[in-house]
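In the working numbering, the protein residues as written are 11 to 336. Glycine included, each C-beta is placed from N, C-alpha and C at the ideal position. Only a predicted model underlies this, so the values are computations on that prediction, with no experimental measurement involved.
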């Protein structure tokens with residue numbers, strides 16, 4: 011299998027994971043009359059296609075480590091279980107985050123959910139795999155959270171007369187953050203215990219766990235949505251091929267980010283890889299500024315928040331990268 015040979019290559023992969031994770035949602039902007047709950051089925055199919063594509067190519071050929079199928083045969087059953095659980099938990103968190111954004115808006119959902127996820131995920135992963143400087147990681151995480159808060163405040167300034175946030179919105183986003191931070195330790199466990207999984211095996215099993223989660227969580231939200239009316243599955247078959255292709259493309263983009271993150275984690279450790287990967291909201295904001303012109307009408311204070319956000323993001327990635335050598 012292929013694995014990065016240098017720290018620079020591994021860090022590049024972590025940053026690419028943030029780029030892909032912060033970019034996949036752009037595909038949803040192109041769909042028409044297609045509820046997100048239905049779009050998500052195409053999206054998860056794309057994640058599976060990408061993850062198994064990586065596993066059967068880069069994960070099966072090369073001079074280092076076990077091939078994908080050999081690794082699945084030799085690894086401990088508990089590692090397979092934990093990788094599936096990680097995917098299930100992540101997908102539940104992702105669906106809750108989407109609902110949380112609908113209820114409370116980006117300016118509330120991001121700092122609560124992603125802020126909790128970054129702190130929890132890094133702390134729990136570091137407890138299992140103490141790789142890198144704890145001090146540098148702590149500083150980097152703090153800078154990342156400051157960047158997320160600046161991002162949220164910029165969106166808040168953009169929305170005139172922003173509504174007050176309900177208790178329901180807070181609870182949904184807190185739940186999303188707690189779940190989002192909880193999947194990383196399961197990945198760490200699968201990478202480090204017994205006969206460990208390779209990053210490619212984790213990516214493939216992770217996508218299967220996420221797919222299985224859809225039959226529980228997404229089906230529930232289709233029947234009992236937190237916002238809006240129930241969504242019948244019949245709409246999935248009635249929509250055009252363009253909507254399906256955009257959903258699959260979104261999943262492939264996210265899946266590539268996931269594969270890069272797991273591959274890099276095999277070199278730098280899950281705490282560092284996860285922390286940099288969860289900087290994805292900054293990339294999403296960059297799309298909003300440069301491509302979608304979401305901040306064209308923003309005032310000077312909002313633009314100042316955006317400037318601080320990008321500076322803190324760059325500083326966070328730099329400090330977290332230094333944590334590996336410190």
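- With a beta-carbon spacing of about 36 angstroms, residue 11 and residue 161 fall beyond the 8 angstroms limit used to define contacts.
- The continuous stretches of alpha helix (DSSP H) do not include residue 68, and DSSP gives it neither H nor E.
- The Cβ atoms of residue 123 and residue 107 lie closer than 8 angstroms to each other.
- Nearest neighbour of residue 121 by Cα position, chosen from 73, 256, 186, turns out to be 186.
- By a beta-carbon distance limit of 8 angstroms, residue 333 contacts residue 147. Their separation comes to about 5 angstroms.
- The three-state reading of DSSP puts residue 86 in coil, since its state is none of H, G, I, E or B.
- The three-state reading of DSSP puts residue 80 in helix, counting H, G and I together.
- Within the region 170-218, the complete alpha helix (DSSP H) runs of at least 4 residues fall at 177-202.
- Under the three-state reduction of DSSP, residue 104 is assigned to helix.
- For residue 228, no alpha helix (DSSP H) encloses it, and the DSSP letter there is neither H nor E.
- Nearest in C-alpha terms to residue 259, of all of 322, 24, 46, 60, is 60.
- Between residue 280 and residue 197, the alpha-carbon positions lie close to 8 angstroms from each other.
- Closest by C-alpha distance to residue 30, out of 278, 286, 139, 253, is 286.
- The beta carbons of residue 97 and residue 225 sit no closer together than 8 angstroms.
- A residue is called buried once 16 or more other Cβ atoms fall within 10 Å of its Cβ, and residue 302, having fewer, is exposed.
- Here residue 149 has 329 as same chain residues with Cβ atoms under 7 angstroms from its own Cβ, once five neighbours each way along the sequence are excluded.
- Annotated as proximal: residue 312 and residue 305, with beta-carbon spacing under 8 angstroms.
- Going by DSSP, residue 262 is part of the alpha helix (DSSP H) stretching over 251-278.
- A direct Cα-to-Cα measurement between residue 208 and residue 202 gives close to 10 angstroms.
- The beta carbon of residue 326 sits closer than 7 angstroms to the beta carbons of 150, 153, 154, 157, 289 from its chain, once the five residues preceding and following it are set aside; these are given in chain order.
- Taking the C-beta atoms as reference points, residue 243 is found no nearer than 8 angstroms to residue 99.
- Within the same chain, 305, 316 come within 8 angstroms of residue 299 by CB-CB distance, once the 5 residues on both sides are set aside.
- Closest in alpha carbon position to residue 268, among 52, 65, 240, is 65.
- Rounded to the nearest whole angstrom, the C-alpha separation of residue 212 and residue 95 is 11 angstroms.
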